[in-house]
Amino acid sequence: MNHSKAIAALLLLPLALPVAGAETGQPDPLLEPIVVTATLGPKTAGESLSSVTVLDETTIREQNPAEFQDLLRGQPGISVVGNGSFGKSTSVYTRGTTNDSTLFLVDGVRLRSATSGGAAWQYFPAELVERVEIVRGPRSALYGADAVGGVIQAFTLDPKQGNRGWVEAGAGNFDTQKVAAGAGASAGNTRFSLSGLHKETDGAPVVEGGEDKGFRNTAGVGRIVHELASGGEASVVLMQTEGNTEYDSGNIDFLMRTLGLRLDTPVSEQWHSSVQFAESRDEMENFTSFGNSVFNTRTRSARWDNTLTFDVHELVLGAELLTDEVSGTTDFVETSRTNSALFSQLRLNFGPTDLMLSLRGDDNEAFGKQETGGIALGHSFDRSHRVRVSYGTAFRAPTFNDLYYPLEVYDFGGSYSGNPDLQPEESGTVELGISGNYASWFWDAAVYQMDVDNLIALRTDDTGAMAPENVDEARIRGAELSAGFDRAGWRGQAALTLTDPRDQATDNRLRRRSAQSVRLDLDKTINTWSFGGSVVAEGYRYDDAANTKRLPGYGTLDLRAGWRFADDWSGRLTVANVLDKAYATAERFDGARYIAAGRTAMLTVRYDIQ
Numbered sequence: 001m002n003h004s005k006a007i008a009a010l011l012l013l014p015l016a017l018p019v020a021g022a023e024t025g026q027p028d029p030l031l032e033p034i035v036v037t038a039t040l041g042p043k044t045a046g047e048s049l050s051s052v053t054v055l056d057e058t059t060i061r062e063q064n065p066a067e068f069q070d071l072l073r074g075q076p077g078i079s080v081v082g083n084g085s086f087g088k089s090t091s092v093y094t095r096g097t098t099n100d101s102t103l104f105l106v107d108g109v110r111l112r113s114a115t116s117g118g119a120a121w122q123y124f125p126a127e128l129v130e131r132v133e134i135v136r137g138p139r140s141a142l143y144g145a146d147a148v149g150g151v152i153q154a155f156t157l158d159p160k161q162g163n164r165g166w167v168e169a170g171a172g173n174f175d176t177q178k179v180a181a182g183a184g185a186s187a188g189n190t191r192f193s194l195s196g197l198h199k200e201t202d203g204a205p206v207v208e209g210g211e212d213k214g215f216r217n218t219a220g221v222g223r224i225v226h227e228l229a230s231g232g233e234a235s236v237v238l239m240q241t242e243g244n245t246e247y248d249s250g251n252i253d254f255l256m257r258t259l260g261l262r263l264d265t266p267v268s269e270q271w272h273s274s275v276q277f278a279e280s281r282d283e284m285e286n287f288t289s290f291g292n293s294v295f296n297t298r299t300r301s302a303r304w305d306n307t308l309t310f311d312v313h314e315l316v317l318g319a320e321l322l323t324d325e326v327s328g329t330t331d332f333v334e335t336s337r338t339n340s341a342l343f344s345q346l347r348l349n350f351g352p353t354d355l356m357l358s359l360r361g362d363d364n365e366a367f368g369k370q371e372t373g374g375i376a377l378g379h380s381f382d383r384s385h386r387v388r389v390s391y392g393t394a395f396r397a398p399t400f401n402d403l404y405y406p407l408e409v410y411d412f413g414g415s416y417s418g419n420p421d422l423q424p425e426e427s428g429t430v431e432l433g434i435s436g437n438y439a440s441w442f443w444d445a446a447v448y449q450m451d452v453d454n455l456i457a458l459r460t461d462d463t464g465a466m467a468p469e470n471v472d473e474a475r476i477r478g479a480e481l482s483a484g485f486d487r488a489g490w491r492g493q494a495a496l497t498l499t500d501p502r503d504q505a506t507d508n509r510l511r512r513r514s515a516q517s518v519r520l521d522l523d524k525t526i527n528t529w530s531f532g533g534s535v536v537a538e539g540y541r542y543d544d545a546a547n548t549k550r551l552p553g554y555g556t557l558d559l560r561a562g563w564r565f566a567d568d569w570s571g572r573l574t575v576a577n578v579l580d581k582a583y584a585t586a587e588r589f590d591g592a593r594y595i596a597a598g599r600t601a602m603l604t605v606r607y608d609i610q
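Under the numbering used here, read the sequence shown as residues 1 to 610, first letter to last.
As structure tokens, then:
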């Protein structure tokens with residue numbers, strides 16, 4: 001079945017489900033998760049008029065992932081590409097867009113490298129996360145640059161009332177060990193929490209026939225929250241992760257940090273105001289036999305959101321100021337840039353129908369002004385079935401490497417330099433979605449088309465001189481179907497993604513994108529025991545723009561089991577890639593394939609302090 005027919009079939013299938021799937025005699029539908037990333041405020045997934053996937057604390061604890069990207073792999077619209085396992089370079093492609101077209105937020109703070117672009121997903125600790133929201137589709141009208149494919153936001157641990165702390169230790173093959181702990185306390189209207197993690201492993205080979213390459217990571221999260229008498233709250237959240245990862249030609253010392261200071265307060269019954277000051281750091285020191293290099297990014301931001309409510313309608317007005325600073329061993333032509341923005345979002349409710357309008361203007365000293373916007377319309381047929389349609393624009397900002405990298409001449413011939421005349425990539429996306437939500441299960445389907453202009457691509461002239469240029473256009477079409485249920489101790493999720501990302505000039509598939517993926521998660525709780533498993537499969541992809549280097553598709557099976565063997569004590573065994581499948585999602589420059597680790601097992605024991 002070709003992609004057009006498959007996408008049409010995927011959309012038509014759910015249209016029949018409202019009749020076939022309605023649960024008579026059970027009028028109350030399953031409670032939808034509350035999300036904040038899609039609309040700048042708490043809304044149900046349906047009210048957000050977006051394609052949203054929420055990974056809650058129960059899901060994360062059950063799956064006990066070895067790395068943060070393992071949570072994302074195979075989720076609707078998401079494809080993960082890695083240069084090996086255990087802290088090795090990882091890219092996350094949302095709806096066929098590039099890694100730096102997915103915005104990554106940690107507790108509301110933007111985290112990425114301004115030099116290479118995109119987030120270092122491989123260093124972020126999954127053990128310190130209690131919730132993940134994945135919003136697919138353009139969000140530049142709310143967040144500015146880089147939210148082209150979507151936004152992924154991780155929320156770090158915040159101890160629950162009555163739980164004073166926890167301690168966890170684990171060990172697995174590849175000589176992997178980890179220890180983690182957390183504690184929380186309160187005094188009056190103020191609560192405090194601190195969580196930490198240390199893990200290290202000898203690792204696995206990065207390429208076929210290579211030696212094991214290790215990884216070490218130490219991370220922590222600190223939080224102070226004070227509830228105000230006015231009903232608002234003031235908070236400070238600090239997250240830091242640092243360590244070392246090895247690869248074939250050297251090793252990298254890394255540090256990532258986010259710091260957010262936030263004040264949420266009601267000004268009146270109709271006016272709620274929120275102010276956030278934040279700083280993030282992405283620092284890397286690369287040690288090789290050819291020499292050492294340092295690339296550091298510091299991003300500072302100030303953001304002011306104002307939410308005005310008028311009966312059932314809502315207006316958000318805000319402003320943001322963001323400054324990127326880079327430093328290191330590379331002598332960039334420019335080492336900082338500032339972006340200022342004004343944005344607004346209007347949500348109107350007319351009974352079963354919702355209308356949402358958003359508009360933002362950015363002014364960047366590197367590439368000038370950029371306007372983005374969106375419109376979304378949703379309609380509920382009844383308490384269980386909703387349809388949505390939307391159109392939105394977005395842009396990806398060129399990185400410091402794209403714009404300002406100094407001329408570098410190579411010994412083997414050729415050269416590379418940045419292009420200060422680059423303009424941002426721009427996109428427009430139209431989407432149609434429909435969903436059903438019943439007493440114990442739900443489903444959601446969406447089809448979309450994204451047109452991207454001014455794609456930044458590397459061009460080489462006759463002398464071998466390389467520089468990025470705005471030359472390409474792309475069209476990405478896709479469909480996503482997800483479903484889940486929670487009943488009688490069973491929890492399940494399923495996701496099917498079809499993507500057709502094409503270079504308009506050559507009609508070739510975009511590099512490293514898979515056209516199909518599927519993910520199945522199933523867990524069962526029996527008294528003090530829990531059992532579960534996950535299947536993730538992706539189709540083939542090409543490692544080059546010419547579509548000559550084909551990497552086969554793959555499928556993996558993960559299994560897990562947990563046991564609460566005493567009061568406040570629990571153990572968990574996870575085995576990833578049970579069938580020891582050998583697969584690769586990327587190639588090295590010399591043609592060697594980056595391989596994922598084989599079968600990986602981890603046994604953990606946890607004690608909760610009540």
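No residue lacks a Cβ here, since even glycine has one placed at the ideal position from N, Cα and C.
Query, Result
"Cβ-based burial, residue 127 [other Cβ within 10 Å; buried from 16]", "buried"
"Cα-Cα separation, residue 605 to residue 281", "33 angstroms"
"At least 3 beta-carbon pairs within less than 8 angstroms: the segment 348–361 vs the segment 326–339", "no"
"Exposure label - residue 258; buried when at least 16 CB within 10 Å", "buried"
"Meets three-Cβ-pair contact criterion under 8 angstroms: the segment 503–510 and the segment 520–537", "no"
"Minimum C-alpha distance to residue 199 - residue among 212, 243 and 164", "243"
"Simplified DSSP assignment, three categories, for residue 596", "coil"
"Residue burial classification, residue 230 (beta-carbon count within 10 angstroms, cutoff 16)", "exposed"
"Three-state secondary structure assigned by DSSP to residue 122", "helix"
"C-beta atoms of residue 117 and residue 399 nearer than 7 angstroms", "yes"
"Environment of residue 152 [buried if 16+ CB atoms lie within 10 Å]", "buried"
"For residue 400, the first and last residue of its enclosing alpha helix (DSSP H)", "400–404"
"Strand pairing of residue 180, partner residues [DSSP]", "168 and 197"
"Reference residue 216; option with closest CA among 188, 209, 201 and 610", "201"
"Residue 235 - containing alpha helix (DSSP H), residue span", "Premise fails: residue 235 lies in the beta strand (DSSP E), 233–247, not in any alpha helix (DSSP H)."
"Close-in-space but distant-in-sequence residues of the same chain around residue 212 (CB under 8 angstroms, 5 per side omitted)", "174, 202, 203, 204 and 205"
"Whole-angstrom distance between residue 264 and residue 393, CA atom to CA atom", "29 angstroms"
"Three-way DSSP call (helix, strand, coil) for residue 59 in this model", "helix"
"Collapsed DSSP secondary structure at residue 346 in the structure displayed", "strand"
"Whether residue 130 touches residue 57 by CB criterion (7 angstroms)", "yes"
"Nearest-angstrom Cβ-Cβ length linking residue 586 and residue 81, presumed shorter than 8 angstroms", "5 angstroms"
"Collapsed DSSP secondary structure at residue 381 in the structure displayed", "coil"
"Nearest candidate by alpha-carbon position, reference residue 469, set 463, 269 and 454", "454"
"Beta-carbon proximity check, residue 329 vs residue 289, cutoff 7 angstroms", "no"
"Secondary structure of residue 50, DSSP reduced to three states", "coil"
"Beta strand (DSSP E) runs contained entirely in the segment 411–498, provided each spans 3 or more residues", "425–437, 441–460 and 465–487"
"Those runs of the beta strand (DSSP E) which lie wholly inside the segment 72–134 and span at least 3 residues", "78–82, 90–94 and 102–106"
"Nonlocal neighbours in the same chain, by C-beta distance under 7 angstroms from residue 349, ignoring five residues either side", "312 and 313"
"Element boundaries [beta strand (DSSP E), containing residue 293]", "291–310"
"Given 8 angstroms, three or more beta-carbon pairs between the segment 477–490 and the segment 416–428", "no"
"7 angstroms Cβ cutoff met for residue 271 and residue 228", "no"
"Buried or exposed by the 16-neighbour rule on C-beta atoms within 10 Å, applied to residue 530", "buried"
"Reference residue 493, options 483, 122, 172 and 101, closest by Cα", "483"
"CB-CB length for residue 103 against residue 95, believed under 8 angstroms", "Rounded, the Cβ-Cβ distance is 13 angstroms, inconsistent with contact."
"Supposed contact pair residue 541 and residue 557 - C-beta distance, whole angstroms, cut 8 angstroms", "With 8 angstroms as the limit, residue 557 and residue 541 do not qualify as a contact, their Cβ atoms being about 21 angstroms apart."
"Backbone secondary structure at residue 141 - three-state DSSP", "helix"
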